[in-house]
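Here the sequence shown is numbered in our numbering, starting from 12 and rising by one per residue. All C-beta atoms, glycine included, are put in the ideal place defined by N, C-alpha and C.
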Amino acid sequence: MSLTLGKEIAVSTSYIKSNPAVPIYRGEETFENLFGMIYHMEIGFYENENEKIKEYIIVDFKDYTLSQEDKKALLEKAREYCESKGKDLESNTEIFLLDNEEAESFVEKLFDNMKFIRGLTTKRG
């Protein structure tokens, strides 16, 4: 197979926003009962000169393996979170489980970069 680089395509992202993480507990709200975390990211972009927003609800979980029942329960909690925030699951919001190492590494790097950029912009004043 021969691979070839194509021409560059302009991508215009107007902003990336990370909302506060929301813990999911199994039982009482204690660290020992922490079962997962909901991360809510918003990405603003332009499409045909109109700004649009795509939202990602990322569910990370503490255990390395989950039963189908636990996965369904975590996704249901994420849907509940979306409903409480008035998010449209039909058009601009996606929910997914962070269930592989590559995706988790990417999200961690993204959050680290956002913290770094936020630190640079807040030190200006």
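Out of the options, which one is the CA nearest neighbour of residue i?
i, options, result
"Thr76", "Phe42, Tyr50, Tyr36 and Leu108", "Leu108"
"Glu60", "Thr24, Ser102 and Ser95", "Thr24"
"Glu53", "Leu14, Glu19, Glu62 and Gly47", "Glu62"
"Ile69", "Thr15, Ile20 and Val33", "Val33"
"Leu100", "Glu40, Glu66 and Gly47", "Glu66"
"Tyr50", "Ser102, Leu16, Tyr92 and Asn103", "Tyr92"
"Asn30", "Lys73, Lys96 and Ser102", "Lys96"
"Glu43", "Leu16, Lys98 and Asp74", "Asp74"
"Leu85", "Ser102, Lys98, Arg37 and Glu58", "Arg37"
"Phe72", "Phe46, Lys120, Ser116 and Glu58", "Phe46"
"Asn103", "Glu87, Met12, Gly55 and Glu39", "Gly55"
Use the C-beta contact count for residue i: other C-beta atoms within 10 angstroms, 16 or more gives buried, fewer gives exposed.
i, result
"Lys18", "exposed"
"Arg129", "Caution is warranted here: a pLDDT of 48 is assigned to Arg129, below 50, making its placement in the model unreliable, and the coordinate value is therefore given only provisionally. It counts as exposed."
"Thr41", "exposed"
"Thr15", "exposed"
"Lys120", "exposed"
"Thr133", "Low local confidence applies: a pLDDT of 47 at Thr133 is under 50, so the model's placement there is unreliable, and no value is given."
Could you give the residue range of the beta strand (DSSP E) that holds residue i?
i, result
"Glu105", "Thr104 to Leu108"
"Leu45", "Leu45 to Glu58"
"Pro31", "Looking at the DSSP string, Pro31 is not in any beta strand (DSSP E), and its letter there is neither H nor E."
"Glu66", "Asn61 to Phe72"
Hey, quick one: how far does the alpha helix (DSSP H) through residue i stretch, first residue to last?
i, result
"Leu86", "Gln79 to Lys96"
Roughly how far, in whole angstroms, is the beta-carbon of residue i from the beta-carbon of residue j, given that I think they are within contact range, below 8 angstroms?
i, j, result
"Ile27", "Met48", "About 18 angstroms; that fails the 8 angstroms criterion."
"Ala89", "Ile64", "So it is not a contact: roughly 18 angstroms between Cβ atoms."
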